[in-house]
Amino acid sequence: MGSGDLGAEAGRKRLAELVRSTGAFKHSEEGFKLASGKTSKHYFDLRLLSGDPEGLHVAAGVLYDLIKKVSGAKSVGGLESGSIPLAAAVSQLSQIEHERDPANPTFTSFYVRKTAKEHGTRKMIEGRVVSPVVIIDDVITSGMSAIRAIDAVKEEGHKCARVVCIIFRGNQEDHARIQQNTALQSVFKEADFTEDIGTRTGSSPHLLVDEMYGGLAEKLKGLGYDAVYVKELQAQGKKAQHDYSIIKRAEEEKMVIVTRDKEMCDGCVEEGVPCICLGENPTAEDVVTELNKSDNIN
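Heads up: the sequence shown begins at 0 in numbering that gives the first Met the number 0, then just goes up one per residue.
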């Protein structure tokens, strides 16, 4: 079936949700310096996606659905290190899909070193390479990493059939540079994640997050939301020491409280303060879902 057992369209949709909810997509008005040397207000750290069990599973499924359509392809891999978990996961999934239906192709996996080993065989490529290959990567901007991988496999006599990535964030010149070597196909473009940031950051509610939710505020910030922990207000010398003072602080600063504390939720209801009451381990996606369906939160 591929697509992490979801089907092609559902798999792509779920993958987009996971890029956001794992914190793999980040936004900052201060900007990030990219590996290409460029600066951007948006950053994709897809190692957070591939480090998540569902994230890696769904990514492998979506990539497999694309790669199996590449005529004759036998291997998948790319430049270390972003491609390594993706190539291994696609290869493993290909065996599972082949066992389900022998018509589904299998792919060996490999990765290209940035520098050759200084001992042993001194290889540039690790793993099993069978031509023709598909170069994969998590994020492509300038395309130079993909081109380095293409050059490495060609040097060893292999044919490159295509480059496939999860997110392409380069410009037309970058796209053309890769296309001079081989066809490029991506699951998403940068705009699939950034086109609504401008409106969201200007109109979204301020979120006051329960500090027991470690990492949640950071992930919400990465999605373009203004989110802080209670302890951050305390560090600023603001009165927020117990439930009532926290609720009053949220009311004064027009914030939405995100918590798992039932008593605080009840207090918010009594005081008329917007509150999202969730379970033990909510994701940023869970919070966004609640925000979107709460008519009284604005």
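Beta carbons are placed, not taken as given, at the ideal position from N, Cα and C, and that holds for glycine.
Residue environment analysis places K73 among the buried positions, since at least 16 neighbouring C-beta atoms fall within 10 angstroms of its C-beta.
The segment 41 to 120 is shown to contain whole beta strand (DSSP E) runs of 3 or more residues at 74 to 78 and 107 to 111, in chain order.
Of all C-beta pairs linking the segment 16 to 28 to the segment 102 to 110, fewer than three are shorter than 8 Å, placing the two stretches out of contact.
Around the CB of S185, 16 or more other CB atoms lie within 10 Å, so the residue is classed as buried. L65 has its alpha-carbon roughly 12 Å from the corresponding atom of F187. The C-alpha of S244 is placed about 47 Å away from the C-alpha of T140.
Residue pairing by DSSP puts A226 in a beta bridge opposite L206. Under the Cβ criterion (8 Å, minimum of three pairs), the segment 78 to 93 counts as touching the segment 48 to 68. Rounded to the nearest whole angstrom, the C-alpha separation of R147 and V163 is 14 Å.
Distances from the CA of I165 to each of P101, Q94, G156 and G77 were compared; the closest alpha carbon is that of G77. With a threshold of 16 other beta carbon atoms within 10 Å, P52 falls short and is exposed. Taking the Cα of M263 as reference, the smallest distance to any Cα among E252, V287 and V229 is reached at V229. By the neighbour-count definition (other C-beta atoms within 10 Å, threshold 16), S49 is a buried residue. The Cβ atoms of V132 and H157 sit closer than 7 Å to each other. Residue nearest to A7 within the set V286, A115, L62 and H174 is L62 (criterion: CA-CA distance).
Setting aside the 5 residues that flank it on each side, L183 is surrounded in the same chain by V162 and I177, each with a C-beta closer than 6 Å to its C-beta; the list follows chain order. Setting aside the 5 residues that flank it on each side, D137 is surrounded in the same chain by L45, G81 and I165, each with a C-beta closer than 6 Å to its C-beta; the list follows chain order. Q171: member of the alpha helix (DSSP H) spanning Q171 to Q178, first to last residue. Between T38 and F31 the beta-carbon gap is near 7 Å, inside 8 Å, which marks them as a contact.
With respect to the 7 Å criterion, A151 and I134 are not classified as neighbours on the basis of their beta carbons. Segment contact: the segment 245 to 259 against the segment 272 to 281, three or more CB-CB distances shorter than 8 Å; contact assigned.
Looking at the DSSP output, V257 shares a beta bridge with V208 and I275.
For R168, no alpha helix (DSSP H) run applies, since DSSP gives it neither H nor E. Note on geometry: alpha-carbon atoms of E155 and R99 lie some 33 Å from one another.
Annotation: the segment 16 to 42 contains the following complete segments of the beta strand (DSSP E) (minimum length 3 residues), in chain order: 24 to 32.
The DSSP-derived three-state label of R127 is coil. Where K122 is concerned, there is no enclosing alpha helix (DSSP H), because DSSP gives it neither an H nor an E.
Annotated three-state conformation of S141 is coil, per DSSP.
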